[in-house]
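When you read off a place in the sequence shown, starting at 1, and then add 144, the result is the number in our numbering. Glycine included, C-beta positions come from ideal geometry on N, C-alpha and C.
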Amino acid sequence: MEDSKSTDYMEKFYLDCGFATRTLHAGEKVGQPESSAHTGAIYQSSTFIFKNSEEGAQLFAGEKSGYIYTRLGNPSVRLLEAKINALEGAELKKKNPNLRISTIAFSSGMAAVSSTLMAILSKGDTLILGDVIYGATEHLCSNVLNRFGINTVEVDTSNLNALEKTIKENPKAKAILFETPTNPSLVVSDIKKVSELVKTVNPNIKVIVDNTFATPYLQRPLELGADVVVHSTTKYICGHGTVVGGLMTTFHDDIKSAVYMVIKDVGGNPSPFDSWLVNLGLKTLPIRMEKHCSNAMELAKFLSDNSKVAKVHYPGLTNSPYYDLARKQMKHFGGMISFELKGGFEAGKKLMDNIEIFSLAVSLGCVDSLIQHPASMTHACVPREKRLKGGITDGLVRMSVGIEDIEDLTRALDKGLSLT
Ligand SMILES: Cc1ncc(COP(=O)(O)O)c(C=O)c1O
């Protein structure tokens, strides 16, 4: 992000490179003042010095590109934004070189989600929201956006008939926001079909996908027809549990400009240091994701055969209703698993209190494994009936599978389960 006019800083050279090469090299020199440093620097500065009054005037008028004030743009932040352009948008750009891919980085995933919605929606508009969505996104819609006259309707986006009906019943809809796979039930929606349906029935609706669970390594919504992709970089993109951050990427100049206006005037910009940490983590995204996914696949199979487990939710299991779609839409099946314990609520708590290696913590996408029991923790204040409707049963456990040795994770789970 720099100003509303300059958007596309994707270096053409990287369009012909593979994903891993882009995660390492793309963006590294973008917007960085001339330097021989091997690694992009942390520009921990709130403001930038103009050479003279003429330059100050040109920068403010948008006639010259450069830095003014960190809320409006910063070299360390821009490097990250340029790299994400190359990861989410390179294939689109190859097909259509005139397309301008733009990314804006934020101080949190929720800042990315809220700023994007504030940019696209106005008073009187309706938002169609996936019915299984991150809790804060739902609260944002029902507690904040509703006070500004934005109405929300929920629908299961994996059910195209239900979605078509909802679109037709809500002619004032301007955006649809959904996650795939969902949290924690791991339901997969068909991004291509949802996007096609939306464009056919009501082309005024912008399709926004929260791609946090998949990352651009596994799934790229813009290539599948979505208009906007948002991320919490807190998770896999940073990968080390050190930062809370977010991203928004689009190929629509008007959406990019509108989101820029929101971050400029509302705030929500990331710190230079956090952006540097996210970029550092990002460099190993492909190899981390490979290991997250292969470990998760092993554990999902292990859990399926365990006598204490009633059901495993993982799109990589061939008996999952989402297996074929996930295979088509994603590179691998992801690092998140949820499963239901036969012993219900008490078994869930016992597992949390006894399991080794896995840290008992919310969040996900860290290099190390995390585990949590939604019914006694994240969803404890949600009325039981509503919780059950969202697939969060009393014995449901959610795991973010890390990149430890698989033998150690399997042994820890086996021992923990035996005590439930
Ligand atoms: C799918 C999803 N989207 C958005 C968010 C919000 O991100 P953050 O916590 O970085 O604000 C989360 C957080 O867990 C999430 O899981």
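Should residue i be labelled buried (16 or more other beta-carbon atoms within 10 Å of its own) or exposed?
i	result
Cys525	exposed
Thr310	buried
Pro527	exposed
Leu287	One detail in the question is off: residue 287 reads as Asn in this sequence, not Leu. That one is exposed.
Phe163	buried
Gly268	exposed
Leu563	exposed
His436	buried
Arg222	buried
Ala201	exposed
Gly293	exposed
Leu504	exposed
Asn348	exposed
Asp147	Reliability of the predicted coordinates at Asp147 is poor, the pLDDT of 41 falling under 50, and the value obtained from them is presented with this limitation in mind. Per the 10 Å Cβ criterion, buried.
Arg291	exposed
Arg166	buried
Pro138	Given a span of 145 to 564 for the chain in the structure shown, any question on residue 138 remains unanswerable.
Pro459	buried
Phe322	buried
Ile245	buried
Thr296	buried
Ala226	buried
Give every residue of the same chain whose Cβ lies closer than 7 Å to the Cβ of residue i, excluding the five residues on either side of it in the sequence, and list them in chain order.
i	result
Lys238	Leu159
His523	Arg531 and Ile536
Ser544	Gly479, Met480, Leu508, Gly509, Cys510, Ser513 and Leu514
Leu362	Met433, Met474, Lys475, His476 and Gly478
Val541	Ser482, Phe483, Leu485, Gly492, Leu495, Ile515 and His517
Ser302	Val331, Val332 and Ser333
Cys382	Gly389, Leu421, Val422 and Gly425
Asp300	Asp275 and Ala306
Ser179	Ala185
Asn314	Thr270, Ile272 and Val297
For residue i, which residues in the same chain have their Cβ closer than 6 Å to its Cβ, ignoring the five residues on either side in sequence?
i	result
Pro219	Gly175, Gln176 and Tyr187
Tyr380	Thr359 and Gly509
Glu442	Ile550
Ala120	In the structure as shown, the chain begins at 145 and stops at 564. Residue 120 is therefore absent and cannot be evaluated.
Pro416	Ile186, Tyr187, Gln188, Asn218 and Ser220
Among the residues of its own chain, which have a CB less than 8 Å from the CB of residue i, if the five just before and after it don't count?
i	result
Asp552	Ile501
Glu235	Arg364 and Glu367
Val506	Leu514, Gln516, Met521 and Thr522
Ser329	Val276, His457, Ser482, Gly534, Gly535 and Ile536
Phe446	Thr554, Leu557 and Asp558
Pull up the CB-CB distance for residue i and residue j, whole angstroms please, since I reckon it's below 8 Å.
i	j	result
Thr214	Ser252	Contact doesn't hold; Cβ gap of about 16 Å is too wide.
Leu89	Lys336	Examination of residue 89 is not possible in this model, given that the chain is present from 145 through 564 alone.
Thr281	Lys318	With a Cβ gap of about 16 Å, Thr281 and Lys318 do not count as contacting.
Ser259	Gly487	At roughly 43 Å, the Cβ-Cβ gap does not stay under 8 Å, so Ser259 and Gly487 are not in contact.
Ala256	Val374	5 Å
Thr394	Asp371	6 Å
Ser575	Ala170	With the chain represented from 145 up to 564, any question about residue 575 goes unanswered, as that position is not in the structure.
Leu203	Ile193	Wrong, their Cβ atoms sit about 11 Å apart, outside the cutoff.
Ile320	Val342	6 Å
Asn423	Leu224	5 Å
Asn450	Leu561	6 Å
Leu391	Ile228	6 Å
Lys350	Ile399	7 Å
Answer yes or no: the CB of residue i versus the heavy atoms of ligand 2, is any distance below 8 Å?
i	result
Ser503	Ligands present in the displayed structure are limited to ligand 1, and ligand 2 is not among them.
Per DSSP, which residues does residue i bridge with? Please list them.
i	result
Leu485	Val453
Arg542	Ser482 and Gln516
Tyr458	None; Tyr458 has no bridge partner.
Lys435	None; Lys435 has no bridge partner.
Phe322	Val353
Ile272	Val297 and Ile320
Gly390	Phe250 and Ser376
Ser562	Its beta-bridge partners do not exist; DSSP assigns none.
Thr191	Tyr213
Ser503	Leu514
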